Amino acid sequence: MFRNVAELVELAVSQNKKISDIMIEQEMKVKSKTKEEIMSFMERNLEVMEQAVERGIQGVKSHSGLTGGDAVLLQAYIEKGNFLSGKTILDAVSKAVATNEVNAAMGTICATPTAGSAGVVPGTLFAVRDKLNPTREEMVHFLFAAGAFGFVVANNASISGAAGGCQAEVGSAAGMAAAAIVEMAGGTPAQSAEAMAITLKNMLGLVCDPVAGLVEVPCVKRNAMGAANAMVAADMALAGVTSRIPCDEVIDAMFKIGQSMPTALKETAQGGLAATPTGRELEAKIFGIPLNKRG
Amino acid sequence: MKYKSVFDIIGPVMIGPSSSHTAGAARIGLVARSLFGREPKWADISLYGSFAKTYKGHGTDVALIGGLLNFDTYDERIIQAKEIAKEKNMKVKFIEEDALSDHPNTARLRIGDENGEMELVGISIGGGKIEITELNGFQLKLSGHNPAILVVHDDRFGAIASVSNVLAKYEINIGQMDVSRKEKGKMALMTIELDQMVEDEVLNELRALPNITQVTRIVD
């Protein structure tokens, strides 16, 4: 069982395999199941992700009314063709937003690694699909590659906003996505690790400050930026750019930052955007309670 | 290592909006129900830390009730769990606790009916994964992901060996096992995580052993 990114990359390189293959083999051992069983279980997750993206792009609204409809706006904007940043990035962003809008509306999603950060991995995957034309099996491999990196973060740092802030959720998701994009685009396992490191470095310190305690504001837009961050970091790694700080040390830094972050900034809705005047106003409007009742 | 499966990272498939506050909460409710062995008539649920601060917006309350109603994390009926519980005459009360807990997402469930009561503490550690840390005052560790059995027994010489012998006879492998007791020689509890589900005949054989008072299966 690999314990960190260095071991994961070493396993892949020494056996001349992809990161996703290492993850699949480990899962077969842990669960005592065949490759077919493991693959079909992941295929089910892929289907749920695909349906959530489709549903979000059609347009959803959350019960609170705080989120919904932005994926539709983005898709319409892409259609017009006058965008600045690039089609694949914007498509990834819109599909990440779509997934999280469905999540906010209590729709069915696949936590990746959590529900609040469920948009980044599918958002980038379904955008990159149009560029790289992967087979269905390769798309399943994408999820295993992402999962391998998430596995390391979960065991060495955290994937919980309450424990480590949003860096542990959207940050982890973005790093996982970047690493998986690199593999799907034909990069090396080491380049996947670089992409993960570059992404996560740019998500360090990200606080978890959901307005009214809901997984909506700013979560949906953070998934958008997580997706964009993952795309750019993947391109950087594929270009040969490396991180001066090794991936495992970045993950360790994230863990320590999370530990020293005040509770008010870890999913308690007591600080950050949740504690702004408008944040408090929205909270009072949604729950019908006085502003000073909470926080 | 806390996480052993890639599906703890890519998964679970669930109803939004929060894996730790919604899916994890549903799983805590689900484990409580399966330990209780039937649908409770009432539940007093104390919420701590982040659970206490944000449970309404995250649907933690409906998810916990959904779990008690035997709904899995992806069951869309979770959204209507409050109404369904009301129809079934299940009385649920939520208490926002100020006390500090070891983990930011902690819930203490006291559930019961006319035939008995049970108290359980569960924590949601992220990504929908949970641990059960306390049952009826006993400290214990349960991942909630592997099939597991709980054996209440008298703290006597050979009780543990007799249980593991029966499991060995049926070729059931023990993944993890905890033994706890409140006092020497009195009531004790074995928490055993297994690699596979156990059939009724195994449970019945365990129940028939000397010094064993109760054997409960946790549904996988």
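Residue numbers (my numbering), protein chains in the order written: chain A, 151 to 445; chain B, 17 to 236. Cβ coordinates follow ideal geometry from the N, Cα and C atoms, glycine included. Values in this document were obtained by computation on a predicted structure and should not be read as measured data.
For ALA343 of chain A, no CB of chain B lies under 8 angstroms from its own CB, so it is not counted at the interface with that chain. Of all alpha-carbon atoms in B:LYS185, B:ARG233, B:ASN121, the one lying nearest the alpha-carbon of ASP216 of chain B is that of B:ARG233. Sequence-distant partners of GLY82 of chain B (beyond 5 residues in either direction) whose C-beta falls short of 6 angstroms from its own C-beta, in its chain, are ALA42, ILE94, ALA97.
With at least 16 other beta carbons inside 10 angstroms of its own, GLY65 of chain B counts as buried. Looking at the DSSP output, VAL167 of chain B bridges to B:MET206, B:VAL231. Per DSSP, the continuous beta strand (DSSP E) segment holding THR258 of chain A begins and ends at 258 to 260. Taking a contact to require three or more Cβ pairs closer than 8 angstroms, the stretch 422 to 436 of chain A and the stretch 353 to 370 of chain A qualify as touching. If the five residues before and after ILE176 of chain B are omitted, its C-beta is found closer than 7 angstroms to the C-beta atoms of VAL195, MET206, all from its own chain and listed in chain order. Bounds of any beta strand (DSSP E) do not take in ASP211 of chain B, whose DSSP letter is neither H nor E.
When the Cα atoms are used, LYS281 of chain A and MET346 of chain A turn out to be separated by approximately 21 angstroms.
Contact check for ALA221 of chain A against ALA248 of chain A passes: the beta carbons are separated by less than 8 angstroms. CYS260 of chain A has a beta carbon lying within less than 8 angstroms of a beta carbon in chain B. Below 8 angstroms, too few C-beta pairs join the stretch 329 to 349 of chain A and the stretch 197 to 206 of chain A to call them touching: fewer than three. By the Cβ test, the stretch 278 to 295 of chain A is in contact with the stretch 165 to 182 of chain A, since at least three Cβ pairs between them sit closer than 8 angstroms. Cβ atoms of VAL159 of chain A and ALA343 of chain A come within 8 angstroms of each other, at about 5 angstroms.
In the structure shown, the three-state DSSP call for PHE152 of chain A is coil.
Using beta-carbon distances, ALA184 of chain B does not count as an interface residue toward chain A, since no partner is under 8 angstroms. Between the alpha carbons of PRO163 of chain B and GLY191 of chain B lies a distance of about 10 angstroms. Residue environment analysis places PHE173 of chain B among the exposed positions, since fewer than 16 neighbouring C-beta atoms fall within 10 angstroms of its C-beta. Beta-bridge partners of LEU63 of chain B (DSSP): B:GLU112, B:ALA123. Using a CB distance below 8 angstroms, the part of the stretch 397 to 421 of chain A facing chain B consists of THR413, LYS416, GLU417, THR418, ALA419, GLN420, ordered along the chain. When CB distances to chain B are screened at a threshold of 9 angstroms, the residues of the stretch 169 to 188 of chain A falling below it are MET173, ILE174, GLN176, GLU177, VAL180, LYS181, SER182, ILE188, in chain order.
Taken through DSSP and simplified to helix, strand or coil, LYS145 of chain B comes out as strand. GLU103 of chain B counts as exposed, since fewer than 16 other beta carbons sit within 10 angstroms of its beta carbon. If you draw a straight line from the Cα of MET213 of chain B to the Cα of LYS157 of chain B, it is about 18 angstroms long. Apart from sequence neighbours up to five positions away, the residues of its chain that approach SER308 of chain A with a beta-carbon distance below 6 angstroms are GLY314, ALA318, GLY408, ordered along the chain. In the DSSP assignment, LYS351 of chain A falls outside any beta strand (DSSP E) and lies within the alpha helix (DSSP H) extending over 339 to 351. In the structure shown, the three-state DSSP call for SER34 of chain B is coil. The CB of THR207 of chain B never comes closer than 9 angstroms to any CB in chain A; the least such distance is about 20 angstroms. Three or more Cβ pairs closer than 8 angstroms define a contact, and the stretch 103 to 120 of chain B falls short of that threshold against the stretch 389 to 403 of chain A. Take the alpha-carbon of ASN195 of chain A and the one of ALA224 of chain B: they are about 43 angstroms apart.
Only residues of its own chain outside the window of five on either side were considered, and among them HIS37 have a CB closer than 7 angstroms to the CB of THR70 of chain B, listed in chain order.
Under the three-state reduction of DSSP output, LYS167 of chain A falls in the coil class, being neither helix nor strand. Taken through DSSP and simplified to helix, strand or coil, ASP194 of chain B comes out as strand. Judged by their CB atoms, THR274 of chain A and ALA327 of chain A are nearer to each other than the 8 angstroms cut-off.
Identification of chain B residues near PRO263 of chain A by a Cβ-Cβ cut-off of 7 angstroms yields ILE25, GLY143, ordered along the chain.
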